[in-house]
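Asks: Chains as they are written, first to last, in the UniProt record's numbering: chain B, 1 to 293; chain G, 1 to 293. In this text, a Cβ means the ideal position worked out from N, Cα and C, and glycines have one as well. Pasting a structure here, questions to come.
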DNA sequence: CGCCTCACATGAGGATCGCTCATGACCGCA
DNA sequence: TGCGGTCATGAGCGATCCTCATGTGAGGCG
C-alpha cells in the first residue's frame with residue numbers, strides 16, 4: 001500500500017504518452033505492468049487518478065497529484081543522471097520547451113552545439129507558447145526552457161531579439177534601412193498571437209500611434225502567406241526571419257524594442273545536472289546569435 | 001539496482017536525524033533496514049553518498065544528490081497527504097521554519113489557531129535566521145516558512161512588525177510615547193544579529209544619524225540582559241516584545257519602519273496541500289497580530 | 001445484430017526486493 | 001584490553017512487482 005516511484009512514473013507516462021500501452025513502451029515494461037502500477041497507486045491513495053477513456057485524462061484528484069508526481073519523478077531522474085555523469089560530463093535526457101520562433105531560429109544551432117559539448121545528453125523539444133512554457137517549467141513537465149522576458153532569476157540570456165516589420169518585398173518601405181511603426185498605419189495590421197502582443201503594443205505606444213490590428217493570426221505560416229498576398233503587414237521578432245518565405249522582407253523598426261530570450265531551469269526546484277551544465281556553458285559563451293534581421 | 005523512494009527517505013533521514021539508528025526510529029524500521037537501504041542506494045548510484053563517521057555527513061556526491069532526494073521525498077509525502085485529506089480537511093505533518101522573534105511572538109497564537117482549524121495537520125517548528133530559512137524552503141528542508149520582507153511572490157503577509165527602541169525601564173526616554181533614533185546616540189548601541197541589521201541601518205539613514213553599533217550580539221537573552229544592565233540600548237521589532245523581561249521597555253520609534261512577515265511555501269515547487277490550505281486560510285483572515293509594542 | 005478490434009483489467013506464477021533477526025566489524029574511550 | 005556505541009553483513013522469509021495469458025467492455029462496420 002506504499003507509494004512508489006514506478007507507480008508515479010507509470011501515472012505520469014500514461015498521461016504524457018496518451019495511453020497505457022504507449023506508456024508501457026516508453027517505460028520498457030509490459031502494458032500489464034503499467035496497469036498494475038496505476039491500479040496499485042489508486043489503491044494506495046484510495047481514489048482514482050485516471051479516467052479510463054481514450055485518451056486517459058487525470059481525474060480531479062489526479063490533477064492535484066500530478067505536479068507532485070512529476071516533481072518526484074523528475075527528482076529521481078535527476079539523481080539517476082547525476083550518478084551517470086562520467087568524467088565530469090553530464091548525461092541523461094532533457095525535455096526542453098521553447099516558443100515557435102526560438103525553435104526555428106535559435107535552437108537548431110544551439111542544439112547542435114550542445115550535442116557536441118554534451119554528447120551524453122539527449123534533448124527532446126516541446127514547442128509551446130510563452131505562458132504555457134513557463135507553466136511546464138514550473139510543474140515539471142519540462143526540465144529546461146527558453147523564456148521570453150522572464151522576471152529576474154537564474155538562467156542565462158541567450159539572445160536579445162529585436163522586432164522588425166514584416167513586409168511584402170514589393171512594399172514601398174521594403175527597401176528602407178529602417179521604418180517607423182507610424183508608417184505602417186497605411187496598411188492593415190496582422191497581429192501574430194502567441195506572446196508578442198505585449199511588445200507590439202509597447203512599440204505602438206512608443207510610436208504614439210493607436211494600436212488597432214485588423215486580423216489576429218495564430219499560425220506563422222498563415223501570417224506570412226497573408227502578408228505576401230498583400231493583405232497587410234506585421235511585426236515580428238528577428239528570429240522569425242528563419243521562417244521567412246520568398247518575396248517577404250523584414251525591416252528593422254526605428255522604435256528599438258527587443259525581447260530577451262532566457263535559457264533556464266525550473267524555478268525553485270533543484271535543476272537537473274545536465275541543465276546546470278548547459279546553462280553554465282551558455283553563460284560562459286557570448287550571445288550565440290546576433291539579433292540580425 | 002533501481003532508485004527507490006525508501007532509499008531516498010533513508011538517506012535523507014540519516015542526515016536529518018544524525019545517524020542510522022536515529023533515522024531508523026523516525027522511519028519506524030530497523031537500523032539494519034536503513035543500512036541496507038543506503039547501501040542499495042549507493043550500489044545503484046555507483047558511489048557513496050554518506051561518510052560513515054558520527055555523525056554521518058554527505059559526501060561531495062551526496063551533497064549534490066541531497067536536494068533532489070529531498071524534493072522526491074517531499075513530493076511523495078505531499079501525495080500521501082493529499083490522499084489523506086478527509087472531508088476537505090488537509091492532513092499530514094509539516095515542517096515550519098521561522099525566525100526567533102516570530103517563533104516567540106507570533107507562532108504560539110498562529111499554531112493554536114491552526115490546531116483548531118486543521119486538526120489533522122501536525123507542525124514541527126524549526127527556528128533559524130532569515131537567509132537560512134529561505135534556503136531551507138528552497139531545498140525542501142521545510143514545507144512552510146515565515147520570511148522577512150521576501151521578494152514579491154505567493155504567500156500571505158501575516159504581520160507588519162514595527163521597530164521599537166529597547167530601553168531599560170529607568171532610561172530617561174522610557175516614559176516617552178515615541179523616541180527619535182537620533183536620541184539614542186547618547187547611549188551605546190547593541191546591535192542584534194540575525195536579520196534585522198538591514199532595517200536598523202535604514203532607520204539610522206532616515207534619521208540622518210551615523211550608524212556605529214558598539215556591540216554585536218547574537219543571542220536575544222544576552223542582548224536583553226545587557227540592556228537591562230545599562231550597558232546600552234537597542235532596536236528590535238515589536239514581536240521581540242514577547243521575550244521582554246522585567247525592567248525593560250519598548251518604545252515606538254518616530255522613524256516608522258516595519259518588516260513584513262510573510263507566510264509561504266516553497267517557491268517553484270508545488271506546495272504541500274496542507275500548506276496551501278494554511279496559507280489560504282491566513283489570506284482570508286485579517287492580519288492576526290496588530291504590530292503593537 | 002453479431003463480429004472484430006483496440007485498449008485496459010485481471011489472475012497466476014515466479015523472480016526479486018526489502019525487511020527483520022542475529023551477529024560481526026570498527027572506533028573511541030577508560 | 002575490554003566495553004559501549006554505531007554501522008555492516010548474511011540468512012531467511014514474506015511482500016512486491018513483473019510477465020504471460022486471458023478476460024472484459026466500448027466503439028466501428030458490414
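Buried or exposed: where does residue 53/G fall if 16 or more other Cβ atoms within 10 Å of its Cβ makes it buried?
Replies: Counting from one through the second chain, the residue named residue 53/G turns up at place 53. When all chains shown are included, residue 53/G counts as exposed.
Asks: Assign residue 32/B to buried or exposed, taking buried as 16 or more other Cβ atoms, counted over all protein chains shown, within 10 Å of its Cβ.
Replies: Numbered from its first residue, the first chain carries residue 32/B at position 32. Classification of residue 32/B: exposed, given that the 10 Å Cβ count is below 16.
Asks: Does residue 164/B come out as helix, strand or coil in the three-state DSSP assignment?
Replies: Position 164 of the first chain, counting from 1, holds the residue named residue 164/B. It is a strand residue.
Asks: Quick one: any contact between the stretch 82-95 of chain B and the stretch 36-55 of chain B, if contact means 3 or more CB pairs under 8 angstroms?
Replies: Result no; under three Cβ-Cβ pairs closer than 8 angstroms.
Asks: From the DSSP output, in three-state form, read off residue 108/B for me.
Replies: Locating residue 108/B in the first chain gives position 108, counting from the first residue. In this structure, residue 108/B counts as helix in the three-state DSSP scheme.
Asks: If distances are taken between C-alpha atoms only, which option among 126/G, 82/G, 224/G and 150/G comes closest to residue 99/G?
Replies: Looking up residue 99/G in the second chain gives position 99. Answer by Cα proximity: 126/G.
Asks: Under three-state DSSP, which class holds residue 135/B?
Replies: Within the first chain, numbered from 1, the residue matching residue 135/B stands at position 135. In this structure, residue 135/B counts as helix in the three-state DSSP scheme.
Asks: Check whether the Cβ atoms of residue 112/G and residue 260/G lie closer than 7 angstroms to each other.
Replies: For the purposes of this step, residue 112/G is identified with residue 112 of the second chain, where counting begins at 1. For the purposes of this step, residue 260/G is identified with residue 260 of the second chain, where counting begins at 1. Contact: no.
Asks: Whole angstroms is fine: what's the gap from residue 6/G's alpha carbon to residue 70/G's?
Replies: As a working note, residue 6/G is residue 6 in the second chain. As a working note, residue 70/G is residue 70 in the second chain. Whole-angstrom Cα-Cα distance: 12 angstroms.
Asks: The alpha helix (DSSP H) with residue 42/G in it runs from where to where?
Replies: By 1-based counting over the second chain, the position of residue 42/G is 42. Element bounds for residue 42/G: 31-45.
Asks: Please name the residue in 135/B, 63/B, 170/B and 114/B whose C-alpha comes closest to that of residue 249/B.
Replies: For the purposes of this step, residue 249/B is taken as residue 249 along the first chain, with counting starting at 1. Comparing Cα-Cα distances from residue 249/B to each of 135/B, 63/B, 170/B and 114/B, the minimum goes to 170/B.
Asks: For residue 143/B and residue 62/G, what's the separation of their Cα atoms in angstroms?
Replies: Locating residue 143/B in the first chain gives position 143, where the first residue counts as 1. Locating residue 62/G in the second chain gives position 62, where the first residue counts as 1. So the two alpha carbons sit approximately 21 angstroms from each other.
Asks: I want to know whether the stretch 256-272 of chain G touches the stretch 207-222 of chain G - three or more CB-CB distances under 8 angstroms.
Replies: No: the two stretches stay apart, fewer than three of their Cβ pairs being nearer than 8 angstroms.
Asks: Residue 76/B to residue 67/G, Cα distance in whole Å?
Replies: Locating residue 76/B in the first chain gives position 76, where the first residue counts as 1. Locating residue 67/G in the second chain gives position 67, where the first residue counts as 1. Approximately 11 angstroms between the Cα atoms of the pair.
Asks: Return the residues of the stretch 68-99 of chain G that lie within a Cβ-Cβ distance of less than 7 angstroms from chain B, sorted by chain order.
Replies: Residues passing the 7 angstroms Cβ filter: 68, 69, 71, 72, 75, 76, 78, 79, 80, 82 and 83.
Asks: Based on Cα-Cα distance, which residue from 18/G, 19/G, 117/G and 102/G lies nearest to residue 281/G?
Replies: The sequence position of residue 281/G within the second chain is 281, counting from 1. That would be 117/G, whose Cα lies nearest to the Cα of residue 281/G.
Asks: Look at residue 195/G and residue 130/G and say whether their C-beta atoms are less than 7 angstroms apart.
Replies: Position 195 of the second chain, counted from the first residue, corresponds to residue 195/G. Position 130 of the second chain, counted from the first residue, corresponds to residue 130/G. Yes, Cβ-Cβ distance for residue 195/G and residue 130/G is below 7 angstroms.
Asks: Let me make sure I understand the geometry here. Which of 137/G, 266/G, 223/G and 179/G has the alpha-carbon closest to that of residue 139/B?
Replies: Your numbering for residue 139/B matches position 139 in the first chain. The option with the nearest alpha carbon to residue 139/B is 266/G.
Asks: For the beta strand (DSSP E) that residue 124/B lies in, which residues bound it at each end?
Replies: Translated into positions along the first chain, residue 124/B becomes position 124. Counting along the chain, the beta strand (DSSP E) containing residue 124/B begins and ends at 121-128.
Asks: Quick one: is residue 269/B near chain G, going by C-beta distance under 7 angstroms?
Replies: Here residue 269/B corresponds to residue number 269 of the first chain, with the count starting at 1. At least one chain G Cβ lies under 7 angstroms of residue 269/B.
Asks: In chain order, what residues of the stretch 42-65 of chain G put their CB closer than 9 angstroms to some CB of chain B?
Replies: Going along the stretch 42-65 of chain G in chain order, one finds 44, 45, 46, 47, 61, 64 and 65 with a Cβ nearer than 9 angstroms to chain B.
Asks: With burial defined as no fewer than 16 other Cβ atoms inside 10 Å of the residue's Cβ, what is the status of residue 290/G: buried or exposed?
Replies: Reading the second chain from its first residue, position 290 is the one you call residue 290/G. Reliability fails at residue 290/G, whose pLDDT of 42 lies under 50, so the model's placement of it is uncertain and the value that follows must be treated cautiously. Residue 290/G is exposed by the Cβ-count criterion.
Asks: Taking just the CA atoms, how far does residue 49/B sit from residue 162/G?
Replies: Here residue 162/G refers to the residue found at position 162 of the second chain. Here residue 49/B refers to the residue found at position 49 of the first chain. Approximately 47 angstroms between the Cα atoms of the pair.
Asks: Output the boundary residues of the alpha helix (DSSP H) element that contains residue 275/B.
Replies: The count along the first chain starts at 1 and reaches residue 275/B at position 275. Segment 273-284, the alpha helix (DSSP H) holding residue 275/B.
Asks: Write down the C-beta distance between residue 241/G and residue 105/G rounded to the nearest angstrom, noting that I regard them as a contact closer than 8 angstroms.
Replies: The residue labelled residue 241/G in the question sits at position 241 within the second chain. The residue labelled residue 105/G in the question sits at position 105 within the second chain. About 7 angstroms; that satisfies the 8 angstroms criterion.
Asks: Quick check on this structure: which residue in 274/G, 186/G, 29/G and 199/G has the alpha carbon closest to the alpha carbon of residue 231/G?
Replies: For the purposes of this step, residue 231/G is taken as residue 231 along the second chain, with counting starting at 1. Looking at the Cα atoms, 186/G is the closest of the given residues.
Asks: Please classify residue 238/G: is it buried, with 16 or more other beta-carbons within 10 angstroms of its beta-carbon, or exposed?
Replies: Position 238 of the second chain, counting from 1, holds the residue named residue 238/G. Residue 238/G comes out buried.
Asks: Compute the distance between the beta-carbons of residue 19/G and residue 55/G, then report whether it is under 7 angstroms.
Replies: Here residue 19/G refers to the residue found at position 19 when the second chain is read from its first residue. Here residue 55/G refers to the residue found at position 55 when the second chain is read from its first residue. Contact: yes.
Asks: Does DSSP put residue 49/G in a helix, in a strand, or in coil?
Replies: Translated into positions along the second chain, residue 49/G becomes position 49. Of the three classes helix, strand and coil, the one that applies to residue 49/G here is coil, per DSSP.
Asks: Which of the residues in the stretch 121-133 of chain B, read from start to end, lie with their CB under 8 angstroms from any CB of chain G?
Replies: So the list is empty, because no residue satisfies the distance condition.
Asks: Using three-state DSSP, classify residue 209/G as helix, strand or coil.
Replies: As a position in the second chain, residue 209/G is number 209, starting the count at 1. Residue state, collapsed to three classes: coil.
Asks: Quick check on the DSSP output: the alpha helix (DSSP H) that includes residue 26/B runs from which residue to which?
Replies: Taking the first chain and counting its residues from 1, one reaches residue 26/B at position 26. Per DSSP, residue 26/B belongs to the alpha helix (DSSP H) from 20-27.
Asks: Going straight from the alpha carbon of residue 235/B to that of residue 132/B, what length do you get?
Replies: Here residue 235/B refers to the residue found at position 235 of the first chain. Here residue 132/B refers to the residue found at position 132 of the first chain. Cα-Cα distance, rounded: 22 angstroms.
Asks: Under 8 angstroms Cβ-Cβ, which residues of chain G neighbour residue 266/B?
Replies: The residue labelled residue 266/B in the question sits at position 266 within the first chain. Those are 268, listed as they occur along chain G.
Asks: I'd like the span of the beta strand (DSSP E) that includes residue 146/B, first residue to last.
Replies: Indexing the first chain from 1 puts residue 146/B at position 146. Where residue 146/B is concerned, the enclosing beta strand (DSSP E) stretches over 144-148.
Asks: Which term fits residue 192/B, buried or exposed, when burial requires 16 or more other beta carbons within 10 angstroms of its beta carbon?
Replies: Here the question's residue 192/B lines up with position 192 in the first chain. Buried is the call here.
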